[in-house]
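Chains A and B are the protein sequences, given in the same order.
Position in the first sequence counted from 1, then plus 8, gives you my numbering.
Position in the second sequence counted from 1, then plus 7, gives you my numbering.
Ideal Cβ positions, reconstructed from N, Cα and C, are used throughout, including at glycine.
Keep in mind the model is a prediction, meaning the values are calculated, not measured.
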Amino acid sequence: MTPNSFPARFYDGETATAHEAAVFLEAAQLIIEVGERREVWAYKFLTRIPGAGDGLRLTHRRDKDAILVLGAEAETALHSVAPGIFDGSRERNRMGVLVVGLIIVTGLISAALFIGVPAASEPLARATPKDFELRMGKNLAAQITTIFRPCRGSAQAVTTLQPIIDELADTGDAGFPVTFRFVHMSAPNAFALPGGQVVATSGLVNLLGEDPDAFVAVIAHELGHVKARDGMQAFYRNAGLGVILEIITGGSGVAQQLVLVGGQLRQLRYNRRQEMRADETAAGTLLKANMNPEALARAFEALQSYGGNDEESDRKVPAWLSSHPDTDDRIERARARAKAGGVSPISDEDWAVIVEACKKERKG
Amino acid sequence: MSETGGVGQAESLEIKNTSNIGSMLWIGFYTILLNLVTLTIFRFWGRTHFRRRLWSDTSVGGEPLHYTGRGLELFIGFFIAIFTLMLPFTSILIAVQFFLGPDTLFLAVVPLLLYLVLFILIGVAIFLARRYHLSRTRLRGIRFAQTGSAIGYGIAMFGYGILTGITLGWFGPEARIRLSRKMWRKAYFGSEPFHFEDTAEATAEPVYASFAVAWVGTLIAYIAWIGVVFAGLGVEGLPTGEEIDPATIGYIYGSLIPFVFLIAIFVSWHEAVMIRRIVKSLRVNGARLSSRISLWDILELSITNTLLIVFTLGFGFMAAQMRLWKRIANRMSVEGEIDFNAIKQSDVEAPSQGEGLADGLDLISNF
Numbered sequence: 009m010t011p012n013s014f015p016a017r018f019y020d021g022e023t024a025t026a027h028e029a030a031v032f033l034e035a036a037q038l039i040i041e042v043g044e045r046r047e048v049w050a051y052k053f054l055t056r057i058p059g060a061g062d063g064l065r066l067t068h069r070r071d072k073d074a075i076l077v078l079g080a081e082a083e084t085a086l087h088s089v090a091p092g093i094f095d096g097s098r099e100r101n102r103m104g105v106l107v108v109g110l111i112i113v114t115g116l117i118s119a120a121l122f123i124g125v126p127a128a129s130e131p132l133a134r135a136t137p138k139d140f141e142l143r144m145g146k147n148l149a150a151q152i153t154t155i156f157r158p159c160r161g162s163a164q165a166v167t168t169l170q171p172i173i174d175e176l177a178d179t180g181d182a183g184f185p186v187t188f189r190f191v192h193m194s195a196p197n198a199f200a201l202p203g204g205q206v207v208a209t210s211g212l213v214n215l216l217g218e219d220p221d222a223f224v225a226v227i228a229h230e231l232g233h234v235k236a237r238d239g240m241q242a243f244y245r246n247a248g249l250g251v252i253l254e255i256i257t258g259g260s261g262v263a264q265q266l267v268l269v270g271g272q273l274r275q276l277r278y279n280r281r282q283e284m285r286a287d288e289t290a291a292g293t294l295l296k297a298n299m300n301p302e303a304l305a306r307a308f309e310a311l312q313s314y315g316g317n318d319e320e321s322d323r324k325v326p327a328w329l330s331s332h333p334d335t336d337d338r339i340e341r342a343r344a345r346a347k348a349g350g351v352s353p354i355s356d357e358d359w360a361v362i363v364e365a366c367k368k369e370r371k372g
Numbered sequence: 008m009s010e011t012g013g014v015g016q017a018e019s020l021e022i023k024n025t026s027n028i029g030s031m032l033w034i035g036f037y038t039i040l041l042n043l044v045t046l047t048i049f050r051f052w053g054r055t056h057f058r059r060r061l062w063s064d065t066s067v068g069g070e071p072l073h074y075t076g077r078g079l080e081l082f083i084g085f086f087i088a089i090f091t092l093m094l095p096f097t098s099i100l101i102a103v104q105f106f107l108g109p110d111t112l113f114l115a116v117v118p119l120l121l122y123l124v125l126f127i128l129i130g131v132a133i134f135l136a137r138r139y140h141l142s143r144t145r146l147r148g149i150r151f152a153q154t155g156s157a158i159g160y161g162i163a164m165f166g167y168g169i170l171t172g173i174t175l176g177w178f179g180p181e182a183r184i185r186l187s188r189k190m191w192r193k194a195y196f197g198s199e200p201f202h203f204e205d206t207a208e209a210t211a212e213p214v215y216a217s218f219a220v221a222w223v224g225t226l227i228a229y230i231a232w233i234g235v236v237f238a239g240l241g242v243e244g245l246p247t248g249e250e251i252d253p254a255t256i257g258y259i260y261g262s263l264i265p266f267v268f269l270i271a272i273f274v275s276w277h278e279a280v281m282i283r284r285i286v287k288s289l290r291v292n293g294a295r296l297s298s299r300i301s302l303w304d305i306l307e308l309s310i311t312n313t314l315l316i317v318f319t320l321g322f323g324f325m326a327a328q329m330r331l332w333k334r335i336a337n338r339m340s341v342e343g344e345i346d347f348n349a350i351k352q353s354d355v356e357a358p359s360q361g362e363g364l365a366d367g368l369d370l371i372s373n374f
């Protein structure tokens, strides 16, 4: 062996045979000789394989199957002819580029999540054919009634209330035929699903038991959401977020989407702008129907007092109120639209039917 | 050419893993940190770093395994799976909400059909992930490979799953052996096929005795625990759902601990038996694998790995997986010899990207 020649082991990537080889270290490359066979590996293409075995293991980027195993002496010599060859700077640079690149990608995804999806949801909702929204609303309502039991007297209460709902929908130009439901849930709440499906909880009827006009005002508010197609927007927003999160984090998309479609829509959350718009629509509708928007302010006050101020009770506040801490502002705005007089749209007898329908059924 | 070992001479082998916990904790730590700032996208590279280290710390006959997979391949594979499978699934689920009314039978049938396909895809994903792993694993410059039908494996796994359910789990061990056989009989080290053989040593493992102990033992332990809870609290003392007394809940969960430990012993024995049963069935060339893994190995690892993951707030997960693999590898031995000179490079085409489906279905394992 010459001074720059070292014994080595060579796997040629064609068979699993370990070949005895001689390695010659030159300025920019090493030469592997196995019998008559000669391989030239430039240093710049070498990759070190970390390994538990003996010696320094090298592969060549253009011949990934072949492996060269150098002994300690050859390794020392290699470092002297090619200083800094495996100092880790290449790996560190690659890692740095990777991390920076991924952080940029993450920024773009975050922008899509927090700006793109919400911005796209409104035009998408408007572009959705009403027939589609109607069917989706019916499906979601059917799913919700499998989760929340309808009130015992829901059908009778709805029949009693329907003329008022129809009048409000007509006056406020809700854009969809409205289907109303009462479901059992102790928390006071009301929400509008896509396609004119509106749900009120027994808790809301109980809370506003002494104030039927406030209950009607809440319905007018929900019809404001129906008109603006906020339910559809919320669906697109949730679906968009779900899909993007699924793309990022993995996981069974189908399961996530089933949960999204089946379960999460009952917790529809609208943003502040949507709520304000629904409040405005409600006030306008009530005025046109010769009712007093002051009732809306009373409904907010009742819900606010139900929620209280402590953290525990905050969780009980209904979805359409909880996302908007500035309830006082909304009360003020509703009160500003108040007028003297106004006609109560619901008789005491009819209200009694509704209250009775939502009373808690006794077990046994 | 000169050859160590010489032409026709076989080499005896030792399987050994020398991973240390510190390096794996470090990989787990920076993977979690970088996952946080990249919305988990870094996971593909973190997993690759882990495998690269684990593979290279594992040697066969003194030669380390070489993992050649890349994070980018996993990333691309995942995106392909998401866009070709997961998004269409999701779109169908949303579309049926638009196009079909609530009274349509199809509305209920479509999700069921999709779930059926999804269950079959679980097996397909496991198979494809394994095919990727093997295609990116090299020993002495020779690639491992997996051939066979991914869909066939998925259907078999689905069918066995149903049988296991119908038989209250009793088909489970047989299903596991059959699936292992299906997989290993189509696996290669270069040109050399693996063999899955029901040798006397392998079949002597008490697979069903250990399963019976685990099954009956778990049932008895569960009933005994309920008895202890009733004896300790009385019927009146049980939580009613209206108000939950923390002391009562503490008693219920506290009394569960010895029973969980008991069940862990039963299950660990069965798990050790299953590993030995499968490893002892494997042969490649003239070398037959064997395993000495015991109940205590599995039990000790279950306990210590759980503590490791809990006390490191999750970033010790990779280290825990390494410890499991290390124990399995170091309890393995090879009887007989391999004639490496007779083994040629694999001609099985390697997949260009990997395990996206498994990642999409949350079935991924770091190794």
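Applying a beta-carbon distance threshold of less than 8 Å, which residues of chain A neighbour residue i?
i: B/Thr45; result: Val107, Leu110, Ile111, Val113 and Thr114
i: B/Gln352; result: Gly21, Glu22, Thr23 and Asp73
i: B/Asn348; result: Thr23, Ala24 and Thr25
i: B/Leu408; result: Any property of residue 408 of chain B remains undetermined from this structure, which presents chain B solely from 8 to 374.
Could you round the C-beta distance between residue i and residue j to whole angstroms and report it? I think they count as a contact, below 8 Å.
i: B/Thr327; j: B/Val274; result: The sequence given here places Ala at residue 327 of chain B; Thr does not occur at that position. Actually they are not in contact, since the Cβ atoms of B/Ala327 and B/Val274 sit about 17 Å apart, beyond 8 Å.
i: A/Leu201; j: A/Ala149; result: 6 Å
i: B/Leu61; j: B/Ser98; result: About 38 Å; that fails the 8 Å criterion.
i: B/Gly161; j: B/Ile127; result: 4 Å
i: B/Ala279; j: B/Arg150; result: Not quite, the Cβ-Cβ distance comes to about 31 Å (not below 8 Å), so this is no contact.
i: A/Ala286; j: A/Leu294; result: Going by Cβ atoms, the distance from A/Ala286 to A/Leu294 rounds to 12 Å, so no, they are not a contact pair.
i: A/Val89; j: A/Leu54; result: At roughly 12 Å, the Cβ-Cβ gap does not stay under 8 Å, so A/Val89 and A/Leu54 are not in contact.
i: B/Arg147; j: B/Phe347; result: 7 Å
i: A/Ala163; j: A/Leu231; result: Contact doesn't hold; Cβ gap of about 20 Å is too wide.
Can you find the residues in the same chain that come closer than 7 Å, C-beta to C-beta, to residue i, ignoring five residues on each side of it along the sequence?
i: B/Ile335; result: Ile282 and Ile300
i: B/Leu315; result: Gly323, Ala326 and Ala327
i: B/Phe96; result: Leu121
i: B/Phe203; result: Ser187, Arg188, Trp191, Arg192, Ser288 and Leu289
i: A/Gly270; result: Summary for A/Gly270: the model assigns pLDDT 45, below 50, so the residue's position carries little reliability, and this model does not support an answer.
i: A/Ala133; result: Arg237, Met240, Gln241 and Tyr244
i: B/Met304; result: The amino acid at residue 304 of chain B is misidentified as Met; the sequence shows Asp. So the qualifying residues of the chain are Ala279, Arg334 and Arg338.
i: A/His192; result: Phe156, Arg157, Cys159 and Ser210
i: B/Gly244; result: Thr255
i: B/Leu263; result: Trp232
Note down, in chain order, each residue of its chain lying with its Cβ closer than 6 Å to the Cβ of residue i, except the 5 sequence neighbours on either side.
i: B/Ala194; result: Gln153 and Phe201
i: A/His27; result: Phe18 and Val42
i: A/Gln282; result: Asp238
Looking only at its own chain, which residues have a Cβ that is under 8 Å from the Cβ of residue i, when we skip the five neighbours before and after it?
i: A/Leu212; result: Pro196, Asn197, Ala198, Phe223, Val226 and Pro326
Taking C-beta pairs closer than 7 Å, name the residues in chain A that residue i reaches, listed in chain order.
i: B/Ile48; result: Leu110, Val113, Thr114 and Ile256
i: B/Gly197; result: Ala24
i: B/Arg334; result: By Cβ distance, chain A contributes nothing, its closest Cβ being about 16 Å from B/Arg334, past 7 Å.
Determine the chain B residues that contact residue i at a beta-carbon separation under 8 Å, and present them in chain order.
i: A/Ile57; result: Ser63, Pro71 and His73
i: A/Phe199; result: None at all; the shortest Cβ gap to chain B is about 17 Å.
Given that residue i touches chain B, what residues does it touch there, using C-beta distances under 7 Å?
i: A/Val207; result: Result: empty, since nearest Cβ-Cβ is about 15 Å, beyond 7 Å.
i: A/Phe188; result: Chain B residues near A/Phe188: none, gap ~16 Å exceeds 7 Å.
i: A/Phe140; result: Phe105
i: A/Ile117; result: Leu46
Going by Cα to Cα distance, which pick from the options is closest to residue i?
i: B/Gly239; options: B/Asn292, B/Arg295 and B/Ile256; result: B/Ile256
i: A/Ile143; options: B/Val44, B/Leu107, B/Gly241 and B/Leu114; result: It is Arg, not Ile, that sits at residue 143 of chain A in the sequence shown. Considering only alpha carbons, the answer is B/Leu107.
i: A/Ala29; options: A/Gly79, A/Asn300 and A/Val207; result: A/Gly79
i: A/Ala50; options: A/Pro220, A/Ala35, A/Asp95 and A/Ala348; result: A/Ala35
i: A/Gly203; options: A/Phe188, A/Thr179, A/Thr154 and A/Arg343; result: A/Phe188
i: B/Pro213; options: B/Val236, B/Arg284 and B/Ser30; result: B/Arg284
i: A/Met284; options: A/Asp181, A/Glu340, A/Glu47 and A/Ala16; result: A/Glu340
i: A/Lys235; options: A/Val206, A/Leu215, A/Gly250 and A/Gly248; result: A/Val206
Which chain B residues sit within Cβ distance under 9 Å of residue i?
i: A/Arg143; result: Gln104, Phe105, Phe106, Leu107, Gly108 and Pro109
The segment 72-94 of chain B: positions lying closer than 8 Å to chain A by Cβ
Residues are counted here when their Cβ sits less than 8 Å from a Cβ of chain A; for the segment 72-94 of chain B these are His73, Thr75, Gly78, Phe85, Phe86, Ile89, Met93 and Leu94, given in chain order.
Identify each residue in the segment 52-66 of chain B for which the Cβ-Cβ distance to at least one residue of chain A is less than 8 Å, and report them in chain order.
Listed by position, the residues of the segment 52-66 of chain B near chain A (Cβ gap below 8 Å) are Trp52, Arg59, Arg60, Ser63, Asp64, Thr65 and Ser66.
Given a limit of 8 Å on CB to CB distance, which residues of the segment 211-230 of chain A reach chain B?
Under the 8 Å Cβ criterion, the segment 211-230 of chain A contributes no residue.
Identify each residue in the segment 149-164 of chain A for which the Cβ-Cβ distance to at least one residue of chain B is less than 7 Å, and report them in chain order.
Answer in chain order: Ala150.
Which residues, taken in chain order from the segment 149-160 of chain B, show a beta carbon closer than 8 Å to some beta carbon of chain A?
Those residues of the segment 149-160 of chain B that come within reach of chain A (Cβ to Cβ, closer than 8 Å) are Ile149 and Arg150.
With 8 Å as the limit, tell me which residues of the segment 83-99 of chain A have their beta carbon closer than that to any beta carbon of chain B; keep them in chain order.
If the cut-off is 8 Å between Cβ atoms, the segment 83-99 of chain A has nothing near chain B.
Check each residue of the segment 111-135 of chain B: if its Cβ is closer than 8 Å to any Cβ of chain A, include it; give the result in chain order.
Listed by position, the residues of the segment 111-135 of chain B near chain A (Cβ gap below 8 Å) are Leu114, Pro118, Leu121, Tyr122 and Leu125.
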